[in-house]
Amino acid sequence: AQKVTQAQTEISVVEKEDVTLDCVYETRDTTYYLFWYKQPPSGELVFLIRRNSFDEQNEISGRYSWNFQKSTSSFNFTITASQVVDSAVYFCALRTSGTYKYIFGTGTRLKVLA
Amino acid sequence: SQTIHQWPATLVQPVGSPLSLECTVEGTSNPNLYWYRQAAGRGLQLLFYSVGIGQISSEVPQNLSASRPQDRQFILSSKKLLLSDSGFYLCAWSLEHRTFKNIQYFGAGTRLSVL
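Structure below.
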């Protein structure tokens, strides 16, 4: 069975703090894809990143970075020097090769306080 | 570039009334289309997906149906709404749904309240 767990329901930080959002996944497939999406208060899900199971290189994009570790089945997301505009619900998702279906976690609500 | 439009943005409907939500995609042809529902404080549940005109697959049995009358148009419908149909409905599109190209891009969503 495939599953994505985002154990942190809600996180609050003060602006400029670093914050890490955890994502743990379960799958028996060897080829799969992991995603992070941001859902701001407006509601639209914004695609942030896709990672495939064969690429464990960590990725950095501006203040965002992602740490993919197959050994612990985790794909964590770190925001450095958080800003109020980072306040949103963040979803992690899993898709296995050969399927269309995304398995979404329940999301982590991040509140960045000024 | 590709864009996806959903309307209406907000809808309040009485129990037992019909429903029609529309989603259109621009800037691509033969997209794969998806309808999701997000209940308050919960994750996303896939309701329907479509790989072509007239081709609809349902993920969960429910009070809703979907149709794809045109290549880039996806409609979510109900003949009689239930209270449990309330939620946030999101439409998404992607390229080939079973390959590495499947990155789903979402519309702005419709917030449906059934009273």
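Chain order of the listed sequences is A and B. Those letters in the first sequence? Residues 1160 to 1273, per the numbering used here, in order. Those letters in the second sequence? Residues 8 to 122, per the numbering used here, in order. Every residue gets a Cβ at the ideal spot worked out from N, C-alpha and C, and that includes glycine. All figures in this text were calculated on a predicted structure; none of them were measured in a lab.
Residue range Ala1247 to Thr1255 is occupied by the beta strand (DSSP E) that includes Cys1251/A. Per the DSSP secondary-structure output, Leu83/B pairs in a beta bridge with Leu28/B and Ala73/B.
Under DSSP, the beta-bridge partners assigned to Gln62/B are Gly59/B. Put simply, the CB of Lys1270/A is far from chain B, with every gap to its CB atoms at 9 Å or more. If you check each beta-carbon in the region 37–55 of chain B against every beta-carbon of chain A, the ones closer than 9 Å belong to Asn39, Tyr41, Tyr43, Gln45, Gly48, Arg49, Gly50, Leu51, Gln52 and Leu53. At a beta-carbon threshold of 7 Å, the residues of chain B lying near Thr1265/A are Arg49 and Gly50, ordered along the chain. Looking at the DSSP output, Arg44/B sits in a beta bridge with Gln52/B and Tyr96/B.
Listed along chain A, the residues sitting closer than 7 Å to Gly116/B by beta-carbon distance are Gly1202 and Glu1203. Beta-bridge pairing by DSSP links Arg1210/A to Leu1193/A. Taken atom to atom, the span from the alpha-carbon of Pro21/B to that of Ile110/B is near 35 Å. Proximity of chain A to Leu97/B at the Cβ level (cut-off 7 Å) is accounted for by Leu1204, in chain order.
The Cβ atoms of Leu1193/A and Asn1217/A do not sit closer than 9 Å to each other.
Along the region 1204–1234 of chain A, going in chain order, the ones with a CB nearer than 8 Å to a CB of chain B are Leu1204, Val1205, Phe1206, Arg1209 and Asn1211. In this structure Ser36/B is not in contact with Ile82/B, their Cβ atoms being roughly 18 Å apart against a cut-off of 8 Å.
Taking a Cβ-Cβ threshold of 7 Å, the residues of chain A close to Asn109/B are Arg1254 and Tyr1259, in chain order. In terms of beta-carbon proximity, Glu66/B lines the interface with chain A, with at least one pair separated by less than 9 Å.
Excluding the 5 residues flanking it on each side, Val1173/A has same chain C-beta neighbours closer than 6 Å at Leu1272, in chain order. Cβ contact annotation for Asp1188/A (same chain, cutoff 7 Å, sequence separation greater than five): Thr1255 and Ser1256, in chain order. Of the other Cβ atoms in all chains shown, 16 or more fall within 10 Å of the Cβ of Ser101/B; this residue is therefore buried.
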